[in-house]
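Enquirer: Numbering-wise, the sequence shown is residues 220 to 613 according to the working numbering.
Idealized CB from N, CA, C, for every residue including glycine.
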Amino acid sequence: MIADQSLATEKFQSERVSTIALGHAVHDTYTAFLPSFLPLLIERYALSKTEAGLLPFLTQAPSILQPFIGYLGDRVGLRLLLFLGPAVTAIMMSLVGAAPTYSLAVVFLLIVGFSSAGFHAIGPAIAGRLSAARLGLGMSLWMAAGELGRTLGPLIAVAAIQGLGQQRLPWLMVIGILVSLAVYWNLRDVPAQPQQAPDPLPWHEAWHLLRPVLLPVSALLITRALAQVAFSTFLPTFLTEEGAGLWLAGGSLTIMEFAGIGGAFLGGSLSDRLGRKSVLIVAGIGAAIFTVAFLATTDLTLRLITLLGLGATMLSVTPILMALIQDHYPEQRALANGAFMAVNFVVGSLAMLGVGWLGDHLGLHATYWLSVGIMILGLPIILALPENHHPRSR
220 MIADQSLATE KFQSERVSTI ALGHAVHDTY TAFLPSFLPL LIERYALSKT EAGLLPFLTQ
280 APSILQPFIG YLGDRVGLRL LLFLGPAVTA IMMSLVGAAP TYSLAVVFLL IVGFSSAGFH
340 AIGPAIAGRL SAARLGLGMS LWMAAGELGR TLGPLIAVAA IQGLGQQRLP WLMVIGILVS
400 LAVYWNLRDV PAQPQQAPDP LPWHEAWHLL RPVLLPVSAL LITRALAQVA FSTFLPTFLT
460 EEGAGLWLAG GSLTIMEFAG IGGAFLGGSL SDRLGRKSVL IVAGIGAAIF TVAFLATTDL
520 TLRLITLLGL GATMLSVTPI LMALIQDHYP EQRALANGAF MAVNFVVGSL AMLGVGWLGD
580 HLGLHATYWL SVGIMILGLP IILALPENHH PRSR
């Protein structure tokens, strides 16, 4: 850990961290088109919910490569993946809405998956290095930007469908291309790789080093996956089936993601001061309470209110876990982050298929209740997480 200890004395590089956050916001704006596209794609291609669940799965499956991408990033630097991510994802997602066949949509989404895997493996590691001692703040900015993108994405997708028409959706890619150019221009002189110890750990030793932290973190992610996917991906479909219109269904996801911006920003920032585990416990209990409240009522107004609390609590957890992982492995940031993101995305991908399959066989309402039950059972895992981060004094 000697090589990265000097970071603690460096300043938080706000402009560069904000540039990376901008790239994340735009990247995730485009990936957030898919939940609002799903009801239309289901109708256009006559898909079952299981087949519909395969589409978001394709955007997540390549994430299994993130530990390998991160391992290389720690050693040779892979800034190009950060620079290209917004553009490639923008191009492919803009084409999905106009894809004439299911097969072509599958190809476009698979490319999005590879683009997203590289971007999410390298981006947080570089942002972490530029955040110095304020790692929680850096991860909060990263996650808050992503939540902003996921907030705007459904609204932009619906507005574009109704305003431009499906055949003109490819024009949306222009913004992503311009943002990729801006990210390159502002970060072109950032070192491609971090300072390294003289003898970097071999792959098997580095992986062995990660296990004490990664295993309990992975267990927590697994117990949260069904609930998180049910709300972040299938919420518009769920509400549409219960009689809501397309604007209202897409708007509900926007409400949840909007609250998630504040939750993501505050979660990591507070964990810098109060400790990672303390904030995780509060957020975990809060997410369970708001999820039960959402499912226990059929009143639309009350559901929208509970979505605010649910977004703020459920979506605050990820930046805290990202900071916790990087706390323990400052010399292997990209590997540790890549391993975390791989587990997060792969578990989420399987959960997407699971929610789709359960939705076909049990109905989405029963699937939501099952998911919240598993999330509640997983709360004690938070106590098993390691905590060697000392809160900063005020």
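May I ask you to report which of helix, strand or coil DSSP gives Val-536?
Expert: Collapsing the DSSP output to three states places Val-536 in a helix.
Enquirer: So with Cβ pairs under 7 Å, would you call Met-312 a contact of chain D?
Expert: Looking at the structure shown, chain D is missing, and only one protein chain is on hand.
Enquirer: In chain order, what are the residue ranges of uninterrupted alpha helix (DSSP H) at least 4 long that sit wholly in the stretch 270-328?
Expert: 285-295 and 298-315
Enquirer: One question on the structure: do Leu-301 and Ile-480 come within less than 7 Å of each other, judged by their Cβ atoms?
Expert: no
Enquirer: Is the number of C-beta pairs between the stretch 537-550 and the stretch 517-529 that are closer than 8 Å three or more?
Expert: no
Enquirer: Give me, in chain order, the residues of the same chain whose beta-carbon lies closer than 6 Å to that of Met-392; leave out the 5 immediate sequence neighbours on both sides.
Expert: Ala-309, Ile-310 and Ser-313
Enquirer: I want to know whether the stretch 500-510 touches the stretch 583-596 - three or more CB-CB distances under 8 Å.
Expert: yes
Enquirer: If you drop the 5 nearest sequence neighbours on each side, which residues of the same chain put their C-beta closer than 7 Å to that of Thr-363?
Expert: The sequence as given places Ala at residue 363; Thr does not occur at that position. Ile-480, Ala-483 and Phe-484, listed in sequence order.
Enquirer: What is the residue span of the alpha helix (DSSP H) that Gly-505 lies within?
Expert: Element bounds for Gly-505: 495-515.
Enquirer: Assign Pro-431 to one of two classes, buried (16 or more other C-beta atoms within 10 Å of its C-beta) or exposed (fewer than that).
Expert: exposed
Enquirer: Could you check whether the stretch 375-390 touches the stretch 324-337, counting it as contact only if at least three pairs of C-beta atoms, one from each stretch, sit closer than 8 Å?
Expert: No, because fewer than three Cβ pairs between the stretch 375-390 and the stretch 324-337 fall closer than 8 Å, the two stretches do not touch.
Enquirer: Just to confirm the assignment, what range does the alpha helix (DSSP H) spanning Trp-588 have?
Expert: If you look at Trp-588, you'll find it in the alpha helix (DSSP H) that goes 583-596.
Enquirer: Could you pull out every residue in the same chain whose Cβ sits closer than 7 Å to the Cβ of Pro-389, ignoring the five residues on either side in sequence?
Expert: Ser-313, Leu-314 and Ala-317
Enquirer: Which class does Glu-461 belong to by DSSP, given the choice of helix, strand or coil?
Expert: coil
Enquirer: Relative to the C-alpha of Pro-455, which candidate in Ala-444, Leu-583, Gly-557 and Ala-555 has its C-alpha closest?
Expert: Leu-583
Enquirer: Under 8 Å by Cβ, that's how I've got Gly-289 and Ala-340 pegged, so tell me the actual separation to the nearest angstrom.
Expert: With a beta-carbon spacing of about 5 Å, Gly-289 and Ala-340 fall inside the 8 Å limit used to define contacts.
Enquirer: Figure out for me which residue from Pro-605, Ile-544 and Ala-446 has the closest Cα to the Cα of Met-533.
Expert: Ala-446
Enquirer: Pick helix, strand or coil for Ala-603, following the three-state DSSP scheme.
Expert: helix
Enquirer: Would you call Ile-396 buried or exposed, if buried means 16 or more other Cβ atoms sit within 10 Å of its Cβ?
Expert: exposed
Enquirer: Give the secondary structure of Ser-451 by DSSP, where H, G and I count as helix, E and B as strand, and everything else as coil.
Expert: Look at Ser-451 here: in three-state DSSP terms it is helix.
Enquirer: Measuring alpha carbon to alpha carbon, tell me which of Met-560, Glu-461 and Leu-266 ends up nearest Thr-516.
Expert: Comparing Cα-Cα distances from Thr-516 to each of Met-560, Glu-461 and Leu-266, the minimum goes to Glu-461.
Enquirer: Phe-231 and Ala-346 - do their beta-carbons sit closer together than 7 Å?
Expert: no
Enquirer: When the Cα atoms are used, what is the spatial distance from Arg-259 to Ser-322?
Expert: Before going further, note that residue 259 is Leu rather than Arg in the sequence given. The straight-line gap from Cα to Cα measures roughly 16 Å.
Enquirer: Could you tell me if Thr-320 is buried or exposed, where buried requires 16 or more neighbouring beta carbons within 10 angstroms of its beta carbon?
Expert: Taking a 10 Å sphere around the C-beta of Thr-320, we find fewer than 16 other C-beta atoms and assign the residue as exposed.
Enquirer: Leaving out five residues before and five after Ile-394 in sequence, what residues of the same chain have Cβ atoms less than 6 Å from its Cβ?
Expert: Excluding residues up to 5 positions away in sequence, nothing lies with its Cβ nearer than 6 Å to the Cβ of Ile-394 in the same chain.
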